[in-house]
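Remarks on the structure that follows.
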Amino acid sequence: MKDIAQALGVTPSTVSLAMKDDPRISQETKQRVMSMAREMNFRLNPHLVNLNQKSHTIGISIYGYDYANHPFIGGMIGGIEAEAAKHGFSVMLCNNNTERVGNSNKSFFVNLAEEGRIDGLIIHRGHPEDIRKVQSLGIPVVLLNTHQETLPDVPVVHVDFENAIYTATEHLIETLGHRNIGFIGSSLYDQVGRKGLEGYKAALDKYGVPFDESKIRFAEYDDPEQEYKIAYDLLSSDNRPTAVVTIDDYFAMYTMNAAYDMGLSVPEELSITGVYDFPTSAMLSRPLTTIRIPLNELGMKAFSLLNQQLQGVEIPQKQYWIRGDLITRKTTRFAKT
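In this note's numbering, the protein residues as written are 1 to 337.
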């Protein structure tokens, strides 16, 4: 189906709907699809016996079930479920990390697609070849907060980390008078880390604060020990920062722990900011200053893009960015003069 879609300049989901004789697709498009299918000697995959039946279910695929307990994922899922219910869809949560079919290397969500058990897929992290396989079955896909350079045609909804880190850094400089500011981010191999660093540099540049690479640290997500160690390392360096901008609230919490273990007072000696505003962030002994990201909105936008594709609507814009708002609490204060 993907080859037919490319040849005609339409989406795989449009091809799928046309082959199902869906009334939402014009007769002209149906004729073009069937003509191209004959020209390409297209034959329907025999595994797709249920393809002409709607499951009224969408798949949500995440990287490992343990990650489902992360408030970032939970917030997004809540937004997807709310919008899906309004449109008569149920959701099925599946795992694209550990769950495989038999002895194969095929992701579980590919099996769901082949069996016709899902009409569409929203995915957070996944192998490009698996995503292409789902698309080839005429099933639309939306990516969540991930970037695949090999999948430029797949709509993506991102958290705008560049804007979030820019906003936090600007607040520390313009409002609170800090100029010695560190940045702790996720890996530079990760889009989140790269975008965060860009926002940090942009804010420094705007206010004439020199960029100092020695004030930058990176750690992998979901590695608390490493996140703590790189924070401790940064705070142990010469000319210790008076403020640290971190890529998310968990990084901020580990930075606070490192500061406390070193005998530093937050925010009297060190200001710290996060991103997301997780439920626990406001309940710390020192409630966290952070950038509140509307995670429900992220999920709702993802479902909207998926639903449009299910209706046969082309999605011309492929990248969508969700911005957050600064929430000031007790982990930041004016720089000492």
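Using N, Cα and C, we set each Cβ at its ideal position, and we do this for glycine too.
Small disclaimer: the values here were computed from a predicted structure and weren't measured.
| query | result |
| --- | --- |
| Continuous beta strand (DSSP E) stretch holding Met-92: start and end | 90-95 |
| Whole-Å CB distance - Phe-161 paired with Val-134, under 8 Å assumed | So it is not a contact: roughly 27 Å between Cβ atoms. |
| Boundaries (first-last residue) of the alpha helix (DSSP H) holding Arg-3 | For clarity, residue 3 is Asp in the given sequence; the question names Arg instead. From DSSP, the alpha helix (DSSP H) with Asp-3 extends over 2-8. |
| Beta bridge counterpart(s) of Ile-123 as assigned by DSSP | Ser-61 and Leu-143 |
| Neighbour-count burial assignment, Ser-16, 16 or more Cβ in a 10 Å radius | buried |
| C-alpha gap between Pro-140 and Ile-165, whole angstroms | 32 Å |
| Alpha helix (DSSP H) runs wholly inside the segment 218-286, at least 4 long, in chain order | 224-235 and 249-261 |
| Leu-144 versus Arg-132: straight-line alpha-carbon distance, rounded | 16 Å |
| Inter-stretch contact at 8 Å, needing at least 3 Cβ pairs: the segment 210-224 / the segment 177-188 | yes |
| For Thr-11, three-class secondary structure by DSSP | coil |
| Assigned secondary structure, Tyr-200 (DSSP; H/G/I helix, E/B strand, else coil) | helix |
| First and last residue of the uninterrupted alpha helix (DSSP H) at Arg-292 | Arg-292 -> not in any alpha helix (DSSP H); beta strand (DSSP E) instead, spanning 289-292. |
| Whole-angstrom C-beta distance between Phe-72 and Leu-295, which should lie under 8 Å | 6 Å |
| Local conformation of His-171 per DSSP, three classes | helix |
| Which of helix, strand or coil DSSP assigns to Tyr-207 | coil |
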